[in-house]
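Student: Residue numbers (full-length UniProt numbering): 1 to 424.
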DNA sequence: TCTGGGGTCCTAGGACCC
DNA sequence: TCTGGGGTCCTAGGACCC
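If you want it as structure tokens, here you go:
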């Protein structure tokens, strides 16, 4: 528990609400025996990565993204749980419902995190500090989860405030108090400063946000590049002008699967890519969208990655078209790599636009010489439409292009994938 | 014992056009 | 025969976020 900084200044009207160790907290809510114990969702001592760690686990050095075996070594009594992904979705949605009661100016940025602009809500609920406290009480009482809230004049500052408030706290940065709040904090709290940029800044002797704010922007741009340098300098100087955006559509859609290391063989590569292309194209068609650029990512042993992209003259969303393009791109990368083993394949589609009723991609394919006047793309669309309709009625696994046996080993549940999907 | 899966944005270099 | 400069699009790679 941490106390709010005093103050009810009307200017701190952007809130950032962020559930604490979300997946792990849900597990502790569902199973009282896990409360107070170090818990890791996902992974295990013999493989996979930790998707989320409880605060008890974090205190022992366990972090999200860490390989399970390393987490187990750091914390021998760590309890690994598989995860209740459907519950995460349900409870995350329930929390967003609570937030939406405060204001419709709500920007959800992930399953467990959102910005709110409460400038229109203060006459109903009081100053931002009171709204933040009310949100925390309601989420605790009605959903049963701890949530931290930051309030400030800008999104960037509100997000930093919520990070400082964690776990289970509320921090309000009053207008006028921004510099005093920011200056002593480490640069890694700035949105966009990760391990690499943190080190680059440290090489210049810059460790705090105050030091960064006092460094000429040109010097920062010199080591971080112009775009990133300008952004980060502006953040350090508290010059964030972003508004709360209530709806945002994804600009790309992708799917990827880690594979147990294997030498690439044509049938196996095609099978995995067909599966991924099916996931991607299905999501596109469900929203009446299509994309012009197809990108394939291949990861090799040693975490070396390679990508290949192709931009088409017209948007595509047919499963078979996407599969064929992906296969060609993947082999371009694999052939360039020489003898190798692959550990991941990914397919993504960008340059996404609304698809008109006409399936323009039909004309990408040459006519079938055996059937004069035929439009082979029409057959593809017809197949996709039939499959989509069957899945709608009978479930996603009722029909597919692939034998189930080809699903890559170690795959995460589909429910987990869906948690991370952005709205198209 | 050796790293998930969903995304966003930026950069450099090359092709191409006017 | 040689040649400027700017703009746009594309590709490949990389950093970062949740």
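C-beta: ideal position from N, C-alpha, C; glycine also. Predicted model only: the values in this text are computed from it and were never measured.
Please report the distance separating the alpha-carbon of residue 82 from that of residue 278.
Tutor: 26 Å
Student: Ignore the nearest five residues each way along the sequence and tell me which others in residue 190's own chain have a CB closer than 7 Å to its CB.
Tutor: 209, 232, 235 and 236
Student: According to the Cβ coordinates, are residue 170 and residue 132 closer than 8 Å?
Tutor: yes
Student: Output yes or no for whether 8 Å exceeds the beta carbon distance between residue 148 and residue 168.
Tutor: yes
Student: Could you tell me the alpha carbon to alpha carbon distance between residue 340 and residue 308, rounded to whole angstroms?
Tutor: Near 17 Å, if we compare the C-alpha coordinates of residue 308 and residue 340.
Student: DSSP state of residue 328, grouped into three classes?
Tutor: helix
Student: Does the Cβ of residue 257 have 16 or more other Cβ atoms within 10 Å, making it buried, or fewer, making it exposed?
Tutor: Label assigned to residue 257: buried.
Student: Could you pull out every residue in the same chain whose Cβ sits closer than 6 Å to the Cβ of residue 115, ignoring the five residues on either side in sequence?
Tutor: 16, 107, 155 and 244
Student: For residue 175, count neighbouring Cβ atoms within 10 angstroms of its own Cβ and tell me buried if that reaches 16, exposed if not.
Tutor: exposed
Student: Assuming residue 179 is part of the alpha helix (DSSP H), what are its boundary residues?
Tutor: 178 to 182
Student: Does DSSP put residue 158 in a helix, a strand or coil?
Tutor: helix
Student: What number of angstroms, rounded off, separates the C-alpha of residue 247 from the C-alpha of residue 162?
Tutor: 22 Å
Student: Considering only residues of the same chain and omitting the five flanking positions on each side of residue 416, which have a CB-CB separation below 6 Å?
Tutor: Cβ within range, chain order: 85.
Student: Does DSSP put residue 170 in a helix, in a strand, or in coil?
Tutor: strand
Student: For the region 66 to 103, which segments carrying the alpha helix (DSSP H) assignment without a break, of at least 4 residues, lie completely within its bounds, in sequence order?
Tutor: Assignment of alpha helix (DSSP H) within the region 66 to 103, counting only whole runs of 4 or more residues, yields 68 to 74 and 85 to 102 in chain order.
Student: With a CB to CB cut of under 8 Å and the five nearest residues on each side skipped, what residues in its chain are close to residue 13?
Tutor: Taking residue 13 as the centre and dropping the five residues before and after it, the same chain places the C-beta of 117, 118, 119, 122, 128, 151 and 153 closer than 8 Å to its C-beta, in chain order.
Student: Which residues does DSSP pair with residue 254 in a beta bridge?
Tutor: 348
Student: Quick one: residues in its chain with C-beta nearer than 6 Å to the C-beta of residue 8, no 5 flanking neighbours on either side, listed in chain order?
Tutor: The pLDDT assigned to residue 8 is 44, lower than 50, so where the model puts this residue is not dependable; a value taken from the coordinates is nonetheless given after this. Result list for residue 8: 127 and 129, in chain order.
Student: Are the CB atoms of residue 292 and residue 264 within a distance shorter than 8 Å?
Tutor: No, the Cβ-Cβ distance between residue 264 and residue 292 is not below 8 Å.
Student: Is it buried or exposed, residue 124, if we count other Cβ atoms within 10 angstroms and call 16 or more buried?
Tutor: exposed
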